[in-house]
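Asks: I have a structure here, written as structure tokens, and I will follow up with some questions on it.
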Ligand code: LER
Ligand code: MN
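In the numbering used here, the protein residues as written are 26 to 306.
Listed below in structure tokens is the structure:
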């Protein structure tokens, strides 16, 4: 397995002059820590110079395993389940617009908060119907490009739609597309799943990407989650992709990133699933 960490690339970072500054400095830091990859959170791919972005990550020998889309909800309130058809259409078009960049980088596209929250007066069933329609359209557009989507079950405090692996698997069944799977995040799982290991086993081959944070959403090793047991269950599904750190910058970003790597390397070493780069570090 390989290790990556999430880097939020707000629009300003990608606009002409500032692009090379902060973005490249952050990528360089992540590479210097010893990560194999960087997961990018991108609000709108139109604000990104794809060629330059690819050049920066390749210059630092990093891969991009995944692209997060949640900022389109956080900053613009785009949502697959809005009661406004124009907003739903904009959300679908925004997600589809990630396909060329994802194809170029070999990244999976994450569908987290872009699914939205059921608006007052709308039934849960109606939200689920909108969600299935949106996912089928996005998956159909991405399939010929070889791009995959990973829906992330999120905890109950962030959305009313899809909290658990069981609900995620039922949704996969309804969507019926081979390029649509799940992103599991240990922070959300610790709140919603009766057993993280059982749920990982249940998700099996449908796991397209994996987020790690400890129980307190600090870096792995800062809380009470047993990452040996969790990542053993993940390994046993046959997963060979990225374990991606998505946690709060505590006690600060650099220390968190370094401690996460240290902790996860030990765990992966014990499980004998270290990537080549991690073995060499
Ligand atoms: C995104 O990956 C995530 O885990 C959400 O909690 C963001 O709000
Ligand atoms: Mn996550």
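The C-beta atom is built at its ideal place from N, Cα and C for all residues, glycine as well.
1. Whose C-alpha, out of 155, 125, 32, 177, is nearest the C-alpha of residue 113?
2. Using a Cβ-based criterion (distance less than 7 Å to any ligand heavy atom), does residue 177 qualify as near the ligand MN?
3. So does residue 135 have its beta carbon nearer than 7 Å to some heavy atom of the ligand LER?
4. I'd like the span of the beta strand (DSSP E) that includes residue 269, first residue to last.
5. Mind listing, in chain order, the residues whose beta carbon lies closer than 5 Å to a non-hydrogen atom of the ligand NAD?
6. Check whether the Cβ atoms of residue 235 and residue 245 lie closer than 8 Å to each other.
7. Tell me the DSSP secondary structure of residue 299 in three-state form.
8. Can residue 139 and residue 116 be called in contact, C-beta distance under 8 Å?
9. Residue 258 to residue 286, Cα distance in whole Å?
10. Evaluate contact between the segment 122-129 and the segment 178-192, counting only Cβ atoms and requiring at least three cross-stretch pairs below 8 Å.
11. Span of the alpha helix (DSSP H) holding residue 120?
Replies: This is what the structure gives:
1. As a working mapping, residue 113 is identified with position 88 in the chain shown. Looking at the Cα atoms, 155 is the closest of the given residues.
2. The count along the chain shown starts at 1 and reaches residue 177 at position 152. Yes - the ligand MN has a heavy atom lying nearer than 7 Å to the Cβ of residue 177.
3. Locating residue 135 in the chain shown gives position 110, where the first residue counts as 1. Checking the Cβ of residue 135 against the ligand LER gives yes.
4. The sequence position of residue 269 within the chain shown is 244, counting from 1. From DSSP, the beta strand (DSSP E) with residue 269 extends over 267-270.
5. The ligand NAD is not among the ligands present in this structure, which contains only the ligand LER and the ligand MN.
6. Position 210 of the chain shown holds residue 235. Position 220 of the chain shown holds residue 245. For residue 235 and residue 245, no; Cβs fall outside 8 Å.
7. By one-based count along the chain shown, residue 299 stands at place 274. In this structure, DSSP gives residue 299 a state outside helix and strand, which the three-state scheme calls coil.
8. For the purposes of this step, residue 139 is taken as the residue at position 114 of the chain shown. For the purposes of this step, residue 116 is taken as the residue at position 91 of the chain shown. In contact: residue 139 and residue 116 (Cβ atoms closer than 8 Å).
9. Here residue 258 refers to the residue found at position 233 when the chain shown is read from its first residue. Here residue 286 refers to the residue found at position 261 when the chain shown is read from its first residue. Taking the straight line from one Cα to the other gives about 19 Å.
10. Segments in contact, no.
11. Your numbering for residue 120 matches position 95 in the chain shown. It spans 110-121 - the alpha helix (DSSP H) in which residue 120 sits, taken as one unbroken run.
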